[in-house]
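Residue numbers (our numbering), protein chains in the order written: chain A, 57 to 854; chain B, 2 to 214.
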Ligand SMILES: Nc1nc2c(ncn2[C@@H]2O[C@H](COP(=O)(O)OP(=O)(O)O)[C@@H](O)[C@H]2O)c(=O)[nH]1
Ligand SMILES: [Mg+2]
């Protein structure tokens with residue numbers, strides 16, 4: 057502080073007699089010195105002083121000194137010391153942190169507001185970027201820090217500016233090679249922020265050889281054992297790849313998958329070494345990275361090539377080794393299971409490999425068996441059990457052979473193998489007292505049947521020994537009985553999903569089900585119930601759906617429950633309207649929306665496990681078929697001999713209705729948004745106008761005062777500090793102006809969206825009308841609910 | 002998998018001239034009549050052989066619209082080759098070549114090989130730019146020239162491969178500094194003079210597949 061004071065003295069030319077100058081006065085003088093002094097040393101000292109004051113008097117330095125600092129950056133750009141001070145000062149005043157020595161916390165967002173002022177002229181950002189090219193630490197380092205600070209406050213704006221500023225991204229990439237670690241590491245962090253959610257920047261960064269550089273750094277730092285820098289490198293890679301097909305393609309084409317290999321080398325004595333928290337974080341990132349490459353959301357051809365490359369690079373093997381290693385922390389294990397699942401999902405070779413993996417247990421067991429043991433074990437962590445289910449589903453996905461292998465283990469066999477099998481584990485779980493195990497097992501078992509008619513029939517042959525002495529019963533019979541007996545919702549739902557998958561497209565299974573005592577009565581009672589507790593509406597929907605499957609896939613072999621009888625049962629006991637509304641409960645339910653998003657069942661708590669992805673798909677495919685069949689049956693019973701709609705036509709009609717309903721809703725939402733935003737904009741405009749007025753007024757006053765001052769009519773004591781308009785007001789004004797323009801563009805976007813939607817809607821209308829016409833031509837009688845407000849001339853369509 | 006050299010290309014030119022279709026024809030050997038509008042840039046890759054040497058081409062297909070121009074510029078510096086494409090059925094895309102060329106020359110390294118391409122040669126009946134005009138423009142500006150059709154695949158292979166050959170020859174002549182990655186050229190793993198031995202690292206045993214480090 058003493059040093060600083062003496063420094064100031066030299067700058068300000070000695071202490072003034074009398075009172076100490078205030079901070080604001082000091083800064084005013086310093087700024088004056090920076091802008092007008094012709095001596096380089098003078099300017100330099102003033103800048104240094106400004107820098108040291110910029111934390112304590114942030115507001116004053118920012119409001120009075122910003123322009124001077126910018127000017128210096130241009131004028132004195134050859135002098136590294138001065139530039140360093142300027143950049144540091146800017147860094148302080150735009151910082152989003154609050155400094156200890158900072159006095160009055162007028163405005164928490166002061167750093168953000170100075171950022172906004174600074175970047176308003178985008179050339180300023182380009183200027184800072186250009187300082188990255190200066191190798192001198194005194195310049196490059198604060199330039200990196202300043203960019204970080206600006207980015208933190210205004211991420212979106214800075215991304216846009218950097219993107220269009222010539223070679224902006226390239227300059228940052230260049231200094232990733234800086235041998236001074238502090239700079240390199242900081243740029244790494246900067247790039248992580250810069251690439252977040254911006255595909256264009258991500259692609260340029262990849263183009264600039266980012267993956268090569270990052271692997272280089274990771275190697276230098278010691279792969280998995282490296283410190284947080286390794287994690288940062290991986291996070292940046294993740295940013296570059298997430299949802300960026302072009303970059304994933306580049307990653308795969310550049311053979312970077314192979315370069316991941318050393319990341320998976322787990323030493324044999326890992327149990328003694330233990331897993332440091334950093335190592336845990338690092339491996340989590342690597343697993344995320346692998347999952348990004350093979351995500352089910354990627355285009356299929358990309359995922360399958362990545363899956364193949366992962367296997368060829370022995371990474372699938374390495375992942376399975378982690379799976380079977382001892383002492384792996386549960387969260388890593390869970391994520392590894394999920395990762396293995398996505399690496400094998402839908403890829404026959406990888407699935408076959410997975411099938412052969414053995415666990416080093418005694419006796420040795422297939423990894424799949426060991427995993428399923430965890431799934432049906434109540435004591436295992438919930439997330440781990442979910443992961444096993446996902447992995448198992450992935451193993452069976454588009455894998456007829458795998459499906460057959462699992463079902464095979466349940467069939468009465470010739471060999472007396474006593475080893476525990478996948479099928480046995482699932483059957484055990486299916487009827488255990490743990491409702492979660494019931495649910496997991498039911499879903500897992502249903503995946504052995506998806507799109508596999510042969511296994512649906514094979515599974516019918518499975519017999520279970522029940523109580524001693526009594527006759528063995530079939531698995532399907534037991535499922536239908538257990539569904540009625542259990543009082544746990546989760547178990548019931550699990551079994552209903554299994555039965556639906558099993559019985560769809562399988563008349564044999566339906567026939568057996570119809571013969572199970574009480575089964576049909578149970579479904580009817582549930583479907584016709586008019587009251588329900590929480591989630592029971594879903595249960596009723598699932599029952600209705602299963603009933604529908606019994607109608608559609610009915611070969612009339614069970615006399616009491618022929619297609620016709622069942623249809624009448626629904627018509628009389630439930631009513632078609634009521635039935636359809638029960639059915640639609642399923643797709644209306646929020647858990648349906650959640651489950652149909654992605655194949656992985658994502659749940660925080662055990663109770664969240666209700667519907668499952670593949671079941672939702674089945675429902676979507678069959679709902680309209682059921683409704684159509686029931687409608688046709690009704691017509692038949694009404695002695696209507698006309699042919700009804702073809703299955704396909706009806707499906708299409710339902711689809712269009714869905715689309716229109718959906719669009720109606722979105723249109724309404726958009727209209728609401730539009731009204732709200734218009735309102736907001738009007739308000740902002742009024743506010744803005746007010747502020748403009750008061751600003752003008754202040755400026756007038758200011759001019760007046762200046763005039764008075766020069767005329768010497770005003771005592772300088774009374775002169776208010778109006779060099780600048782009130783900084784607070786100015787900031788607020790700028791912010792408001794920005795908000796207004798943002799709202800304007802939002803509004804415009806919404807208008808556009810709305811137009812698009814209207815166009816779509818018209819399109820759909822036309823199609824629907826065509827359809828109706830075609831249906832009419834086919835002799836179908838359809839009530840024309842919206843014919844009167846249909847503005848399209850029907851004769852024009854064709 | 003392994004290659005002797007890796008070249009980076011960019012494809013530039015007005016929107017709609019067929020840049021994305023050319024890339025798709027080259028990488029996937031198919032034509033897509035309705036191609037999505039390119040947003041920013043899209044990546045594609047393929048291996049070719051020149052002089053018995055495997056050469057990996059990494060290609061960035063750019064969006065032609067003005068709005069993406071500044072993004073596109075970020076790709077010039079690191080590219081070894083550029084395909085500058087116009088549409089022979091739309092005169093204005095030919096007229097804009099000068100602007101594209103200026104932009105490319107200003108932002109790229111001076112050795113970048115530029116191939117001028119008049120695309121859609123299958124649409125002879127709608128031709129607005131004579132082949133001779135393309136040749137003249139190329140001669141005047143020192144470019145290689147070719148007419149192609151992304152639809153029939155005519156000359157598509159040749160366009161990409163001849164560009165690679167030019168680059169390859171420049172390397173042989175020592176014009177390109179191949180150790181500077183910013184030139185858009187990389188030497189393949191097994192060719193790296195500093196690291197001739199086999200990679201020692203790798204997983205625990207049984208490492209098959211790619212031999213690169
Ligand atoms: N007849 C014909 N059409 C082409 C050819 N190349 C592209 N097109 C069509 O031109 C349009 C624009 O192609 P596109 O590749 O998207 O152009 P880009 O904007 O330059 O990427 C598409 O409708 C293509 O089907 C070609 O060689 N012959
Ligand atoms: Mg395109």
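Glycine included, every Cβ here is placed at the ideal spot set by N, Cα and C.
Closer than 8 Å by C-beta to residue 724(A): which residues in its own chain qualify, once you throw out the five before and the five after it? Chain order, please. Here residue 724(A) refers to the residue found at position 668 when the first chain is read from its first residue. Nothing meets the Cβ criterion.
Would you say the beta carbon of residue 123(B) is closer than 7 Å to some non-hydrogen atom of ligand 1? Residue mapping note: residue 123(B) aligns to position 122 of the second chain, counting from 1. Yes, the Cβ of residue 123(B) comes within 7 Å of a heavy atom of ligand 1.
Can you grab the Cα-Cα spacing for the pair residue 710(A) / residue 834(A), in whole Å? Locating residue 710(A) in the first chain gives position 654, counting from the first residue. Locating residue 834(A) in the first chain gives position 778, counting from the first residue. Roughly 17 Å between the two C-alpha positions.
Simplified DSSP state of residue 91(B), which is helix, strand or coil: Start at 1 with the first residue of the second chain, and residue 91(B) comes out as number 90. Residue state, collapsed to three classes: coil.
Quick one: using the 10 Å Cβ neighbour count with 16 as the cut-off for buried, is residue 697(A) buried or exposed? The residue labelled residue 697(A) in the question sits at position 641 within the first chain. In this prediction, residue 697(A) has a pLDDT of 39, which is less than 50 and means its spatial position is unreliable; what the coordinates show is noted afterwards. That one is exposed.
Should residue 677(A) be labelled buried (16 or more other beta-carbon atoms within 10 Å of its own) or exposed? Against the first chain, residue 677(A) aligns to sequence position 621. Residue 677(A) is exposed by the Cβ-count criterion.
Kindly list, in the order they appear in chain A, the residues whose Cβ is closer than 7 Å to that of residue 41(B). Counting from one through the second chain, the residue named residue 41(B) turns up at place 40. In chain order: 255, 256, 259.
Do three or more CB pairs link the stretch 83-94 of chain A to the stretch 111-129 of chain A at distances below 8 Å? yes
Is the separation between the beta-carbon of residue 39(B) and that of residue 15(B) shorter than 8 Å? To locate residue 39(B), count along the second chain from 1; it is residue 38. To locate residue 15(B), count along the second chain from 1; it is residue 14. No. Outside cutoff.
Residues from the stretch 19-44 of chain B in contact with chain A, defined by Cβ distance under 9 Å: 40, 41, 42, 43, 44
Beta carbon of residue 432(A), beta carbon of residue 515(A): below 8 Å? Translated into the one-based positions of the first chain, residue 432(A) becomes position 376. Translated into the one-based positions of the first chain, residue 515(A) becomes position 459. No, these two residues do not count as a Cβ contact at 8 Å.
Just reading off the alpha helix (DSSP H) that residue 169(B) is part of, what are its end residues? Against the second chain, residue 169(B) aligns to sequence position 168. Start and end: 157-173.
Under 7 Å between beta-carbons, which chain B residues line up against residue 263(A)? List them in chain order, please. As a position in the first chain, residue 263(A) is number 207, starting the count at 1. In chain order: 61, 76, 79.
Contact set between residue 222(A) and chain B, taken where Cβ atoms lie within less than 9 Å: Within the first chain, numbered from 1, the residue matching residue 222(A) stands at position 166. Those within 9 Å of residue 222(A) in chain B are 71, 74, 75, 108.
Please find out if some non-hydrogen atom of ligand 1 comes closer than 7 Å to the beta-carbon of residue 640(A). For the purposes of this step, residue 640(A) is taken as the residue at position 584 of the first chain. Not so, every heavy atom of ligand 1 lies at least 7 Å from the Cβ.
Are residue 142(A) and residue 205(A) close, meaning C-beta to C-beta below 8 Å? Stepping through the first chain from its first residue, residue 142(A) is reached at position 86. Stepping through the first chain from its first residue, residue 205(A) is reached at position 149. Their beta carbons are not under 8 Å apart, which means residue 142(A) does not touch residue 205(A) by this criterion.
In this structure, does DSSP put residue 729(A) in helix, strand or coil? Position 673 of the first chain, counting from 1, holds the residue named residue 729(A). Helix at residue 729(A).
Below 7 Å, is the gap between the Cβ of residue 64(B) and the nearest heavy atom of ligand 2? Counted from its first residue, the second chain places residue 64(B) at position 63. Yes.
Exposed or buried, which one is residue 140(B) when buried takes at least 16 other CB atoms within 10 Å? Within the second chain, residue 140(B) is the residue found at index 139, counting from 1. So residue 140(B) counts as exposed.
Since residue 495(A) is in the alpha helix (DSSP H), which residue starts that stretch and which ends it? By one-based count along the first chain, residue 495(A) stands at place 439. Unbroken alpha helix (DSSP H) run through residue 495(A): 491-502.
Could you give the DSSP three-state label for residue 63(B): helix, strand or coil? The residue you call residue 63(B) lines up with position 62 of the second chain. The answer is strand: DSSP assigns residue 63(B) an E or B state.
For the stretch 328-340 of chain A against the stretch 272-286 of chain A, are there 3 or more C-beta pairs whose distance is under 8 Å? yes
Taking residue 863(A) as the query, report the chain B residues whose CB atoms sit under 8 Å from its CB, ordered along the chain. This structure does not reach residue 863(A), given that chain A is present from 57 up to 854, and the question cannot be answered.
Considering just the uninterrupted stretch of the beta strand (DSSP E) at residue 116(B), what are its terminal residues? As a position in the second chain, residue 116(B) is number 115, starting the count at 1. Where residue 116(B) is concerned, the enclosing beta strand (DSSP E) stretches over 114-120.
Residue 36(B) beta carbon near ligand 1 (any heavy atom closer than 7 Å): What you label residue 36(B) is simply residue 35 of the second chain in a count that begins at 1. Because some heavy atom of ligand 1 lies under 7 Å away, the Cβ of residue 36(B) counts as near it: yes.
Is the separation between the beta-carbon of residue 787(A) and that of residue 169(A) shorter than 8 Å? As a position in the first chain, residue 787(A) is number 731, starting the count at 1. As a position in the first chain, residue 169(A) is number 113, starting the count at 1. Yes, these two residues count as a Cβ contact at 8 Å.
Please return the same chain residues whose Cβ sits closer than 7 Å to the Cβ of residue 395(A), not counting the five positions on each side in sequence. Within the first chain, the letter at position 339 stands for residue 395(A). For residue 395(A), where only same-chain residues beyond five positions count, the Cβ hits under 7 Å are 343, 346, 347, 375.
Within the stretch 577-655 of chain A, ranges of the alpha helix (DSSP H) (whole runs, at least 4 residues): 592-608, 619-625, 632-644, 646-651
Buried/exposed call for residue 807(A), threshold 16 Cβ in 10 Å: In the first chain, residue 807(A) corresponds to position 751, counting from 1. Per the 10 Å Cβ criterion, exposed.
Anything in the stretch 225-245 of chain A with a Cβ closer than 7 Å to a Cβ of chain B? List those residues in chain order, please. 225, 226
Can you tell me which of the three DSSP states residue 84(B) falls into? For this step, residue 84(B) is matched to residue 83 along the second chain. Strand.
is_contact[residue 182(B), chain A] using C-beta, thresh 8 Å: Against the second chain, residue 182(B) aligns to sequence position 181. Judged by the 8 Å Cβ criterion, residue 182(B) is in contact with chain A.
Of all Cβ atoms in chain B, is any one closer than 8 Å to the Cβ of residue 302(A)? One-based indexing of the first chain puts residue 302(A) at position 246. Closer than 8 Å: yes.
Residues in the stretch 442-465 of chain A with C-beta within 7 Å of chain B's C-beta atoms, listed in sequence order? none
For residue 8(B) and chain A, any beta-carbon pair shorter than 8 Å? One-based indexing of the second chain puts residue 8(B) at position 7. Not closer than 8 Å to any Cβ of chain A, the Cβ of residue 8(B) fails to qualify, so no.
Closest Cα partner of residue 315(A) within the set 269(A), 350(A), 359(A): Here residue 315(A) is taken as the residue at index 259 of the first chain, counted from 1. Ranking the options by Cα distance to residue 315(A), first place goes to 269(A).
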